[in-house]
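Worksheet for the structure shown next.
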Amino acid sequence: MNIPAQFDAKTIETKWYDYWMKNKYFHSKPDHRTPYSIVIPPPNVTGVLHMGHMLNNTIQDVLIRRARLKGFNACWVPGTDHASIATEAKVVAKLKSEGINKADLTREEFLKHAYDWTDKYGGTILEQLKQLGCSCDWDRTKFTMDPDMSASVIKSFVDLYNKGMIYRGYRMVNWDPEAKTTLSDEEVIYEEQQGKLFFLKYSPPTPEGGASTNSEGVIVATTRPETIFGDTAICVNPNDERYSHLIGKTVVVPICGREIPVIADEYVDMEFGTGCLKVTPAHDMNDKTLGEKHNLEIVDIFNEDATLNSFGLHYQGKDRFVVRTEIAQELESIGALAKTEIHLNKVGTSERTKAVIEPRLSDQWFLKMDDLVKPAIKSVLEDGDIKLHPSRFNNTYAHWLNNIRDWNISRQLWWGQQIPAYFYGDGKEDFVVAENIEEALALAKEKTSNSSLLTSDLRQDPDALDTWFSSWLWPMSVFGGIMDPENEDFKYYYPTNDLVTGPDILFFWVARMIIAGYEYAGEKPFTNVYLTGLVRDKQRRKMSKSLGNSPDPLDLIEKFGADGVRVGLLLSASAGNDIMFDEELCNQGKGFSNKIWNAFKLIKGWEVSETIPQPESSKVAIEWYEAKLQQALAEIEDNFEKYRISDALMGIYKLVWDDFCSWFLEMIKPAYQQPIDKATFDKAIEMLENNMKLLHPFMPFLTEEIWHLIADRTKEEALIVSTWPEIKPFNSALIADFENTIEVISGIRTIRKDKNIPFKDTIELKVVNNDKASTYFDAIVTKLGNINSLAYVSEKVDGALSFRVKSNEYFIPITGNIDVAAEIAKLTEELNYTKGFLKSVQGKLANEKFVAGAPEKVIEMERKKEADALAKIATIEQSLAGLK
């Protein structure tokens, strides 16, 4: 067989992925086996692969490939999310570049552009996942805007509305002026920003009208002076004697000249700021509450893009931040700006567009969460039916769900599922909710007792549903569980087994899927949630395009191979902990691929004899490696059970690199240009195959290539559908004994190196077995030490070089190749130096002042130096005694 000298990842990756696809190894359909299903966290339909995707999907592929090897009917459902805010923004920007304004289009025309966009750019990321080796069931690929997926979303909305859980309300919401839509509380990121605090003067009115320039008035501190046009009151604490004389009177809002009342409410903190609060009910949640309590006027001063409307007078049409700068100058010019101070403030920004959020009053749709959330709290925090890995995220989960508020599920967008509410009149309650317009018409006729109504009389709410309201159904809707809960796929694959995702969407997506699962299926959507960390650079910075610190995953695959990148990422990816990514990690993975390839070439390069007997050393080596494999397998299984994927890989890495390549192959390797016996060769191939099975989930391409080079395989014998090694009892004492043997071999090799004794020269070894250590591995010691005679003696051997392993003494009689006089001189010099070093260390330890003042770690280090020096002196003196 002609095996290439170098491992060519690029060639075999294409070959084996095409082979897996052609033979439908990724496809699953219900059968007699136990199912194992996972659903992909659907990435943005127009997105491209980044390092976070690579980590997340590599972990999922490891889990699904292992499940396949363990005999489960493995089903990994891929798909993409329509990402309403992000995608609509891209489509709007594209249209703008072509001179087209969204406002000039009908909804249908805009959606055509949006679908054209997704047809062109959508699905790129799924194709990129194939290059990573992801074994998704591509026949099951879903998109959240597929007709059946949209139908599931609409059906759930109607169902929840009919249960009284969805309502329409005029509420203060988070408004994204760039995307021109409302956001849920969870989509607002609060960032600390440095700004200014403006101290504004509101003066009492004059009898003639206008503001008094002589009267003291009140000073109010604000970070947003542009909102004065929406002020409808000044509020003070009723117990604040400084302002008691003003309560019930009026002051004049600077610039706009409108009189507003001074009201009293204990909500105001007398100690905070000036003790006066400007009340702007249309633009602050707390102000709105005060406004409702005191029946204040509501003045909305912003357009949907956060420019000022006509209430902004001469600032109309200008952006809020431009106005902030300009109005400060005007306020100062009229004597209404007392002072400004630098101020650190937490500012809400849009998770999607990064725009600063504006609180805004509008009619929106909300989902009541108080009752819905109860099963989700119980299943994770009380019963443990769903487990988060690592469990420390239980605290985050508990905080969010125990403080949950009603979910704002409407978005002022066109890209997404349109809210199935149909208006038949001008009143706020003149609507019906139905899955389609025909059902809506029947309901409207019934509600109005007007049989002459036509579908043309109905107007569907133009808003779309929050993307998360679509994806919270994902584990159910991908199997048709909303539209047809009795279908075979849903009954077989749901609930799914594992979910792999980032902690940043623990509430956005994970908690909501759990809520939906209990509401619609009456059970959990998955059993385990593996929360990955963030991929950061060596400076601990989050990887991002703006920082330029995020490598292109496809470039990494090109450079290091998919297997190398997978290993490099996972070796440092413990659950929930951030990864400090360095390309050297991928280079380490590539090096591991080459190590395995070279080991395989070594084995296949041996000539095999069916006539020569099996050496004792090979029998012992095989028994040891079988035990070592079983020990590693038990640890690997335990790590998988605990979702310590990185630890599982490290266990396999050490088994293959250290135990198999460095020790096992060395122990069974035939002499130069000599054949290997067939019994040992067959066992070596068996062990190699077991290694490939363990490695396959992590390194699918390399292992499948080697698997088929080992032997001609049928379609049913491909590695991807072979069987995971079976756990069997193992001899742990054998493993412990070999650790002792390693030290013996190391001692022999050290003497050979130090005394320049070539390995081709055989030597004698005599052992004083004070420990009564096992002699089981003597054949291994003899082979790897090139010993021509190994004997156990009762006392030390004169005229020999020696070393110790624990209490055992090992002697190598001097051969003619060693200059005894020169060796004695060398050892004597080393002994004198070590004694001098010991004296200086003991001098420090005898110094009470030093011991009392030095840190404990320093004292420990000095004591270790003393112990090491004493042991070295004993060894040198023993060697000198043997030479004299």
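Mind the numbering: the sequence shown is residues 1 to 884 in full-length UniProt numbering, read in order.
Backbone N, C-alpha and C define an ideal beta-carbon position, used for all residues, glycine too.
Three-state secondary structure assigned by DSSP to residue i
i, result
"Val251", "strand"
"Pro175", "Per the sequence shown, the amino acid found at residue 175 is Trp instead of Pro. In the structure shown, Trp175 sits in a strand (DSSP, three-state: E or B)."
"Asn73", "strand"
"Gly517", "helix"
"Phe7", "coil"
"Ser362", "strand"
"Asn691", "helix"
"Ala114", "helix"
"Lys96", "helix"
"Phe143", "strand"
"Gln630", "helix"
"His696", "coil"
"residue 923", "The shown model of the chain, from 1 to 884, leaves out residue 923, and the question about it has no answer."
"Pro675", "coil"
"Lys191", "Position check: residue 191 holds Glu in this sequence, whereas Lys was assumed. Note: Glu191 maps to strand in three-state DSSP."
"Ile219", "strand"
"Glu851", "With the sequence shown as reference, residue 851 is identified as Val, and Glu is not the correct amino acid for it. The answer is helix: DSSP assigns Val851 an H, G or I state."
"Pro503", "helix"
"Gln460", "strand"
"Asp647", "helix"
"His343", "strand"
"Tyr810", "strand"
Proximity of residue i and residue j at Cβ, strictly below 8 Å
i, j, result
"Ala779", "Ser609", "no"
"Val188", "Phe469", "no"
"Ala434", "Val158", "yes"
"Ile751", "Phe803", "yes"
"Pro670", "Trp724", "no"
"Lys68", "Val721", "Sequence inspection shows Arg at residue 68; the Lys mentioned does not correspond to that position. Against a cut-off of 8 Å, the Cβ pair of Val721 and Arg68 comes out as a contact."
"Met51", "Met543", "yes"
"Met483", "Asp148", "yes"
"Ser410", "Leu183", "no"
"Asn769", "Asn808", "yes"
"Thr232", "Gly291", "yes"
"Glu583", "Pro551", "yes"
Residue i versus residue j: straight-line alpha-carbon distance, rounded
i, j, result
"Leu734", "Ile706", "30 Å"
"Arg107", "Asp430", "23 Å"
"Met687", "Val781", "22 Å"
"Leu694", "Lys368", "48 Å"
"Pro495", "Ala74", "13 Å"
"Lys844", "Val851", "8 Å"
"Leu880", "Thr828", "8 Å"
"Leu372", "Ala398", "15 Å"
"Gly481", "His53", "27 Å"
"His283", "Gly122", "38 Å"
"Ile129", "Leu49", "Strictly speaking, residue 129 in this sequence is Leu, with Ile absent from that position. Approximately 8 Å, taken between the alpha carbons."
"Thr227", "Asp463", "27 Å"
"Thr448", "Gly427", "13 Å"
"Gly799", "Leu765", "13 Å"
"Asp658", "Asn598", "14 Å"
"Lys628", "Tyr36", "29 Å"
"Trp407", "Phe730", "55 Å"
"Val347", "Pro553", "33 Å"
"Leu413", "Gly217", "45 Å"
"Lys857", "Gly589", "36 Å"
Near the ligand ADP: residue i beta-carbon under 7 Å from a heavy atom
i, result
"Thr58", "The ligand ADP is not part of this structure, which contains no ligands at all."
Nearest-angstrom beta carbon gap, residue j and residue i [assumed within contact, 8 Å]
i, j, result
"Leu702", "Phe7", "7 Å"
"Leu585", "Leu602", "Between Leu602 and Leu585 the Cβ distance is about 26 Å, and since that is not below 8 Å, they are no contact."
"Thr532", "Asn56", "6 Å"
"Thr680", "Gln630", "Rounded, the Cβ-Cβ distance is 19 Å, inconsistent with contact."
"Lys318", "Leu308", "6 Å"
"Ile234", "Lys196", "Not a contact, Cβ separation roughly 21 Å."
"Ala336", "Lys201", "5 Å"
- Message: Going residue by residue through the region 221-296, where are the continuous alpha helix (DSSP H) segments of at least 4 residues, counting only ones entirely within it?
- Response: 285-293
- Task: Run through the region 381-439 for me and flag every whole beta strand (DSSP E) of 3 or more residues, listed as ranges in chain order.
- Result: 387-389, 421-423, 431-433
- Item | Ordered list of beta strand (DSSP E) runs contained in the region 528-602, each at least 3 residues | 528-531
- Message: I'd like the ranges of any beta strand (DSSP E) spanning at least 3 consecutive residues and lying wholly in the region 759-801.
- Response: Here the runs fully enclosed are 763-768, 787-793.
- Message: Quick check for students: name the residue ranges of the beta strand (DSSP E) that lie wholly in the region 3-72, counting only runs of 3 or more.
- Response: 35-39
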